[in-house]
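Enquirer:
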Amino acid sequence: MTALDMLSIVKHRQTYQVRYASSNPYATDRQAYCCPDEDATIKFLQDLTLDAWSQQQAVTALRTGHIAVVPLVLPTAQVVVYFPEKQEAP
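Shown next, in the form of structure tokens:
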């Protein structure tokens, strides 16, 4: 199953955090995917088959100190692999 979801990407010191947001309001929260640098972030976006224009917009936003927000469609299998569910606090 696929749906139009969102990624937000923020630079945190030298690393990049990619967060997934489902369009389903009842979906569980997911852990962020961390990339060690800009090159790894670009490679990750390519692995998600994000189109070139959206990749360029995201990189431009990040280089200017902004948060990048990107709409995309991901199969459930990819969501589970890259963004595991957050663990409940004991």
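In my numbering, the protein residues as written are -6 to 83. C-beta atoms are modelled at their ideal positions from N, C-alpha and C, and glycine is treated no differently.
In this structure, what does DSSP give as the bridge partners for Glu78?
Expert: Within the DSSP secondary-structure output, Glu78 pairs in a beta bridge with Arg23.
Enquirer: Can you tell me which of the three DSSP states Asp44 falls into?
Expert: coil
Enquirer: In whole angstroms, give me the CA-to-CA distance for Leu43 and Gln49.
Expert: 10 angstroms
Enquirer: For Asp30, which of helix, strand or coil comes out of DSSP?
Expert: coil
Enquirer: Could you give the first and the last residue of the continuous beta strand (DSSP E) run that contains Arg12?
Expert: 8 to 14
Enquirer: Is it true that the CB of Ile2 sits closer than 8 angstroms to the CB of Thr34?
Expert: yes
Enquirer: Assuming the contact rule is C-beta atoms closer than 8 angstroms, Pro77 and Arg23 should be a hit. Round their C-beta distance to whole Å, please.
Expert: Rounded, the Cβ-Cβ distance is 7 angstroms, consistent with contact.
Enquirer: Which residue wins for smallest C-alpha separation from Val72, given the options Asp40, Thr57, Lys4?
Expert: Asp40
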